Amino acid sequence: MTVPAPRVSTTQFDTNELVINMGPQHPSTHGVLRVVLRLDGERVLDADCVIGYIHRGVEKLCENRDWTHIVLLTDRMDYVAAATNNLGYVEAVEKLMQIEVPRRARYLRTVLAELQRIASHCLWLGTHAMDIGAMTVLLYAFRERELVLDLFEEFCGARLTYNSMRVGGLPLDVPPGWDRKVRSFCDLMEGKLDDYETLLTNNRIWLKRTRDVGVISAEEAIGLGLCGPPLRGSGVSRDLRKDEPNAAYEEFDFDIPLGTRGDTYDRYLIRMEEFRQSIRIVRQALDGLPEGPIMGKVPRLLKPPAGETYHAIESPKGELGYFLVSDGKSTNPYRFRVRPPSFCNLQGLKRLVRGHLVADVVALIGTIDIVLGEVDR
Amino acid sequence: MLDTVVIPLLKIAVLVNAVLVAVTFLVLMERKVIAWAQSRLGPMRVGPYGILQAIADPIKLILKEDITPVKADRHVFTLAPIMSLVPALVVFAVVPFGPDPLYYIGDINVGLLFIISVTSIGVYGIILGGWASNSKYPLLASLRASAQLISYEIAVTMTLVSVILTTGTLSLVGIVEAQQESGIWFAFIQPVALVLIFIGGLAETNRAPFDLPEAETELTGGFHTEYSGMRFALFFLAEYANMIVISAIVVLMFFGGWLRPFPNIAFLGFLDLLPAWIWFVGKVFLFLYVFIWIRATLPRYRYDQLMSLGWKVLIPVAIGNLVVTGVFKVVF
Amino acid sequence: MLEITPLHYSLLSAALFMIGVIGVLVRRNVIIIFMSIELILNAVNINLVALSDQLQDLAGQVFVVFVIAVAAAEAAVGLGIIIAFYRNKETVNIDEIQIMRW
Amino acid sequence: MDLIWLIPLLPGLGAALNGLLGIRYFSKQTAGLVAVSTMAVAFVLSVIAFAGLLGLPEEERYHEVTVASWIPPIPLETANGIGSFEVPWAFVLDPLSGMMLLVVTGIGLLIHVYSVGYIDHEPRGGVARFFCYLNLFCFFMLILVLGSSFLVMFVGWEGVGLCSYLLIGYWYRKQSASDAGKKAFIVNRIGDWGFILGIFLVFFTFGTLDFRSVAEAAAGMPVEVGFGVLSLICLFLFIGATGKSAQIPLYVWLPDAMEGPTPVSALIHAATMVTAGVYMVCRNAVLFAHAPMVMEAVAWIGVLTAFMAATIGLVQTDIKRVLAYSTVSQLGYMFLATGVGAFAAGAFHLMTHAFFKALLFLGSGSVIHGMNEEQDMRRMGGLKPYMPTTFWTMAIGAVAIAGIPPLAGFFSKDEILYRTFLHSQVLWGIGALTAVMTAFYMFRLINMTFLGRYRGPEWGQPAGGEAAHGAGSHGDGGHDDGGHGHAWHGPHESPRTMTVPLMVLAVGAVFAGFIGVPAALGGSNVIEHFLEPSFTAFGAFHPAEEAHHLSHTAELGLMALSVLLAAGAILFAYRNYVRQPAAADEMARTFAGPHRVLTNKYYVDELYGATVVRGTMEGANGLWTVDQRVVDGAVNGTGWTTIFSSWVSHVLDKYVVDGLVNFVAWVCAEASYVFRRAQTGLIQNYAFATLLGVFAFVTWYLLAR
Amino acid sequence: MAEALLFYTLAALILGLGVMVVSARSAVHSVLFLVVNFLLVAVLYVTLNAEFVAVIQVLVYAGGIVVLYLFVVMLVNLKKAPERFSDPRRLARSGLLLGGVVLALIVVVVSSSLRAGMASEGTLSGFGTPFTSGNTEQLGWVLYTSYLIPFELASMLLLVAMIGAIVLAKRHLGD
């Protein structure tokens, strides 16, 4: 469906044009996002995102920490997917210093990243469904997310901001029996996924609310710089786990689900399939988990050689990239820059909502899956 | 004097109190049922299994500060919740809880029309509440609500006409008695009408999946965003009272009111051991449970989808049902 | 005085009618003028119902039904015109609705 | 033999395949394969047909096949009353067309094979396009050759002209190539104008267009002493021939046509199409034989063309242009032969020339290919070690064209010179001089190209190679850049697909002459005997009869003389360009005036530009002026008259008719000023008035009761 | 006695609210008074044994038409009421004048017609269909027999009005 450009009348007085502020205190903006909507009746003529309410200057802070301490600041960006944030950062530093990571560590990192993806998608699913009014799914999804958090807690002691990786490997090995618990979680999760789909996938109202809502073509998606599920929903096969494999992804067998119509429903289906693919990867990684050390040879004091690097991984939200510059002299990064997927995807919101109804705005904010901690940094 | 003034007034007092208490427990029931549906426990702190929550909630609401926004139209702002609640309570005047005149306040010959017309007055509360708040979200919500209520009222009324055709009376007591005579609940004679009225009832009470006027995720709080304290509580009461009204109408028209199942089959006579009004209330609560169940399950319609459902599906089907009923009536 | 005759109803009706006419002639807000017209129609209805009761003839009540139907039609079209006019001129002041004058 | 109509059809099929499907879908190999295989089959069929022809008795060697009707009988006025204009699609196989058939298909096949290698670095679609044109050309050429009537021949004639245009402009992005294509096309139009007038006249005179009928009718007429209708026909036909075969004055297009790819030059502009004029004259030998004045003109034009082209060829430095002028010169020889009545000799030379000229062109193509599209001989030299096959085959071609026995050129050329000598010593003198010059410039070419010092661009290191490539590819603006992705690694031998045709043609150039060994050398001149029926069989006329024979000794003397002169010229060229390279420059300085004239090709192109082209443009300007002033003036005058009359009508309408209407309206308007005061536009006023009215009415009602 | 009390109370309220409707500053208030006015008129109908008409009055007038008015008032949502510009004394003056004229007219008409009516009281009742309380069925009977054609015409009128209103209010014709 193509949305015709809104007719802006200047000569004729329009009785129904209305500007409303959605947020920053609004139950469906997933944090402190403010969207200024221009409405014609219930139809959205234009939308402007106002961001920055929780800007903490993470990038600048990182430039004043030494390389090891930065890991825990990365937790605070996408705080619902801290492990993938850690992963991207430590891999970027390893690339800069050319550190070899032991195989066991790479496998465990993959497991952690995929569990994190499941947790993040659980949160997305719950809030997205809640926005559209299906309240039960929220609690179901959070119930399963809780199990993932338990697994993380057992591994590193934290439930949200894990600080779970180190340059060169992992801070500590998994406790004995952990892999068995992960396996049983995988088995459980598969059944629960079917429950979610029973509630939503073929639900007529869900279809009505998501089908043909926020359609975006592949060209437009690329043009807007979308990444992750919003991009794949438009049928563009772009997943850094396949395209530029990091951690141990090239050793596992998994599929990249693609959408055909580029609407909200396709993006929903893609994420649901990503749950299953994540479970598949986790299982393969646990099956082939090698023995050995979990830390590579890393100097006590990290002081990368002068140079710069960009490293991107596929976070649950999309392409999460770190651009690091080292001057080779100090123990701090000279420049630390993040390409946050939520930020880039949020740019698409203006295009997505134009011409839709107010009620769709919340569905569309949900479908691009933003975390304001990452958008504002 | 006793018969014409004192007893009706007593009945009214009892009924109003009963409805209000029922509402508070209905809120508790909703919280509990949804919690169980979502694999949690719900309120557990106040009293055993949280039963006293039903009392704690009203107390909290009454004690809260009653805020009137500066820019609001103060009189209308105050009037709106009252205009919302009063029709919801007035309707109970014609609802028979049992066969005996003791169980109802009045059985007027246009009872059904009375219910329809009085509930239609309830719209004012919502519209005026949204307008008087002088705030954008409530205004949007109230416009939505009024359009939604009027639209679905047409469908519901149309459907009721086909039921009236079957019974030949507008009196609610008469409708129940007609079911007793025919020995079968009208749910089996007018299944289409049942479905239509139930869906329309969901929409008229702003319940999921038609809870657009108070869609938290879209319009923050709906038309009562700016309300707090007791005035908010009145809206709340009105909504739940309306739920009870719709359930009562459905039960009266389709499920035999106070009648036990299969009222004409003698060997089920032991079912009469339960008093008639218990049957009625039990059925009403069964439907209230269905309301809550649906809310726990379904996502929300979008405004335009809701309107197209109402105008393009329900009304044509209602008209079709009316025509079919009329044809049957003439032929048989 | 304590016996309520049709005269009472007629006088009530006349008074209400008068109020409506005054509203029509005095107010500038077109919407309120419309509401005054509704008052006038109601005055007529009261008369009809009262005389119907008095004369034991249902024709009066039937007429009321028709009056209500006409009132509904009048309200729908009239308010549609008001909306259309308001959209163009941003006013509902009847003194400004005079562009067809000469 | 009844299937000869298949022979043109096969290349036509190939062209259709390549043109309709190939450009989009075929790979280079497929396109080449389609073209070559259709030509190969055509060649095989030709050989079979020719063998069938040989199997017939001599006097029955005229086989006509009618494929389909074309133009139904149309009654048209002719010199002898109402004639019936009817032309069928008919093909004829007789000795002359049989020979041409073999030449076209045989040499065509070789050149197709060669092209597969030559055209390889074009993009995919371009290759298919090229082969499409080439096949299409063969299709039309074979129609031309096999056509049994003037009109069918004309179809082929125009078709080859079209293909020639397409192929010269094959690299259409290159300005000079597309200009050359247009030039060839336009110059040919002038010739075609003559040809078609000739055809009209033929029909008007004889009432038919069939060659055989025309020849039989013409044979029955007396030889014209003065300038009669037959002479006029022959003159027109000869104008057509000069256009197609590049004779004075219409030869200017042929040198420019060298802008096309080399295989095209070899096939069209050396071996086949340009000889179409000669073929046409030979085909109408009987007609020409009855117009001696035109014959004389043909001979003179032929010899002058030969001489002039040879002189220009002496000083050209572009390898292909030398060959082009050589072609013009040799074509002049052929016309000389026909002009003196030696049709068989002309046709014989046509055939031998096809071999060695195709060989030379293909060789030059190989050189150009090996030198990375370099065409200037001054930038070559000493290429013999790099491309031995090319050198040896080209040397054979050069010897053959120079007329050294026992190679092909010797027999055919000496037959022409001998017959010319019988006709006129002056013509013979010019012809012999031309032969000497031919030998000289051919060996100048060989020497400058293959012998002596290497003068071409450097090559070697990859980086240097890039530079050399950049310098060397100045002439190939028409190529897609993708075609030369690789660096040039110095002169090299061409691929097998190119050298094999060279070798086959070299064999032909050596041995083709032996079918025409004259009696003086103990031969029997098989070819002349074989072709005789085509020129005479259907008429009583025997042109050789009136010629008086010289003794064999004298004939041998003439041969020896020409051989000696040619050998001398060869040696002179060797001295000038290999032993003492400075001598050539010295000579050029000595004869600076003539050298400049020759280098600029006698300024013919400039002359044409100043007269014909400019004249046309001035004439067009004049006509435009007439159009502007006279024709448009009349139209504008009419328009002006209309405008004036409508203005008059307008004035009447506006002041008289409208005036009345407006007056009525004005009266109404004035009157209404008074009444409109009552209309305040305030509804409440109206309502109040209504109310008062009701009040008044009710009061009246109550009081009146 | 009770009947009279009821009537006088109702009449007073109806007239008072009518005055409020006409004189209220805010159009929304005006609408609110109108609703209450109509509800009271409906009660009046009940006292006159016209339950069906009463219910219809509530359903159609209060529940339908006046909601429409409210809608329009909210849609138009004026910042300044048109009366702001006019002189309140002029309002009162002209209102009283008009009121007097109209009242005089009505009183004259009513009294004269009643006088005529009382003169022939014997014929006042007895023609038409006698009815009792709970006359809905009878009303339906009359409506669908004697008044069938007017009834259908009324429905036609409503249909035309509906289409007309949609056409008028639709923002862009042809959308």
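Chains as they are written, first to last, in the numbering used here: chain A, 1 to 377; chain B, 378 to 709; chain C, 710 to 811; chain D, 812 to 1516; chain E, 1517 to 1691.
Virtual Cβ for every residue (Gly too), placed ideally from N, Cα, C.
These numbers come from a predicted model, not from an experiment.
| Query | Result |
| --- | --- |
| Since A/Ile132 meets chain B, which of its residues come closer than 7 Å, beta carbon to beta carbon? | Pro676, Arg677 |
| What residue range is occupied by the uninterrupted alpha helix (DSSP H) comprising B/Tyr680? | 680–685 |
| By how many angstroms is the C-alpha of D/Trp900 removed from the C-alpha of D/Asp813? | 14 Å |
| Can you find the residues in the same chain that come closer than 7 Å, C-beta to C-beta, to D/Trp1239, ignoring five residues on each side of it along the sequence? | Leu1228, Thr1231, Phe1232 |
| I need the straight-line Cα distance from C/Leu760 to C/Ser722, nearest angstrom please. | 11 Å |
| Excluding five sequence neighbours on each side, which residues of the same chain lie with their C-beta closer than 7 Å to the C-beta of B/Ala509? | Ala449, Asp450, Val453, Phe454, Ala457 |
| D/Glu1343 and D/Gly1327 look like a contact to me (Cβ under 8 Å); what is the Cβ gap, rounded to whole Å? | About 13 Å; that fails the 8 Å criterion. |
| Which chain E residues sit within Cβ distance under 7 Å of B/Tyr680? | None at all; the shortest Cβ gap to chain E is about 16 Å. |
| Among all the DSSP beta bridges, which residues are the ones paired with A/Met295? | A/Gly169 |
| With respect to the beta strand (DSSP E) encompassing C/Ile755, which residues constitute its N-terminal and C-terminal limits? | It is not in any beta strand (DSSP E) - C/Ile755 instead sits in the alpha helix (DSSP H) that spans 739–764. |
| Apart from the five residues on each side of it in sequence, which residues of its chain come closer than 7 Å, Cβ to Cβ, to A/Tyr89? | Ile70, Val71, Thr74, Tyr322 |
| I need the straight-line Cα distance from A/Tyr140 to A/Thr331, nearest angstrom please. | 45 Å |
| List the DSSP bridge partners of A/Ser315. | A/Gly318 |
| Please say whether A/Leu346 and A/Cys49 have beta carbons closer to each other than 7 Å? | yes |
| Hey, how far is the Cα of D/Asp1416 from the Cα of D/Gly892? | 45 Å |
| Is there contact here, the stretch 1076–1088 of chain D with the stretch 1051–1068 of chain D, by at least three beta-carbon pairs under 8 Å? | yes |
| Can you find the residues in the same chain that come closer than 7 Å, C-beta to C-beta, to B/Gly634, ignoring five residues on each side of it along the sequence? | Pro473, Val553, Val628, Phe657 |
| Within the 7 Å Cβ cut-off, does D/Gly1504 reach chain C? | no |
| Output needed in chain order: residues of the stretch 411–437 of chain B with a Cβ under 8 Å from some Cβ in chain A. | Ile411, Ala414, Gln415, Ser416, Arg417 |
| Once you ignore the five residues that flank E/Val1537 on each side, which residues in its own chain have a CB closer than 7 Å to its CB? | Ser1546, Phe1549, Leu1550, Asn1553 |
| On the CB-based measure, 16 or more other CB atoms within 10 Å of its CB, does E/Ala1635 come out buried or exposed? | For E/Ala1635, the predicted structure reports a pLDDT of 47, less than 50, and the residue's modelled location is therefore unreliable. The matter cannot be settled from this model. |
| Compare the C-alpha of D/Val876 against each of D/Ile815, D/Ile1059, D/Phe1011 and name the closest. | D/Ile815 |
| To which residues does DSSP link D/Gly894 through a beta bridge? | D/Leu887 |
| So, is A/Asp239 buried or exposed, given that buried needs 16 or more other C-beta atoms within 10 angstroms? | buried |
| Nearest chain C C-beta to E/Gly1680 closer than 7 Å, yes or no? | yes |
| Taking 6 Å as the line, does the beta carbon of B/Val447 fall inside it for any heavy atom of the ligand MG? | Among the components modelled here there is no ligand, and therefore nothing to report on the ligand MG. |
| When you compare only the Cα positions, how much space is there between D/Met1162 and D/His923? | 18 Å |
| Does E/Tyr1577 come out as helix, strand or coil in the three-state DSSP assignment? | helix |
| Please look up how many angstroms separate the CB atoms of D/Val1013 and D/Phe950, rounded, as I've assumed it's under 8 Å. | About 25 Å; that fails the 8 Å criterion. |
| Are B/Asp434 and B/Met607 close, meaning C-beta to C-beta below 7 Å? | no |
| Under 7 Å between beta-carbons, which chain C residues line up against D/Gln1495? List them in chain order, please. | Leu734, Ile803 |
| Would B/Ile669 pass as an interface residue toward chain E - the criterion being a Cβ-Cβ separation below 7 Å? | no |
| With DSSP run on the structure shown, which of helix, strand or coil describes D/Glu875? | strand |
| Pull up the distance between the alpha-carbon of D/Gly1192 and that of D/Ala1320, whole angstroms please. | 24 Å |
| For A/Ile118, which option in A/Ile20, A/Ile313, A/Cys186, A/Ala363 has the closest C-alpha, if you only look at C-alpha atoms? | A/Cys186 |
| Which stretch, first to last residue, makes up the beta strand (DSSP E) that contains A/Ala47? | 43–50 |
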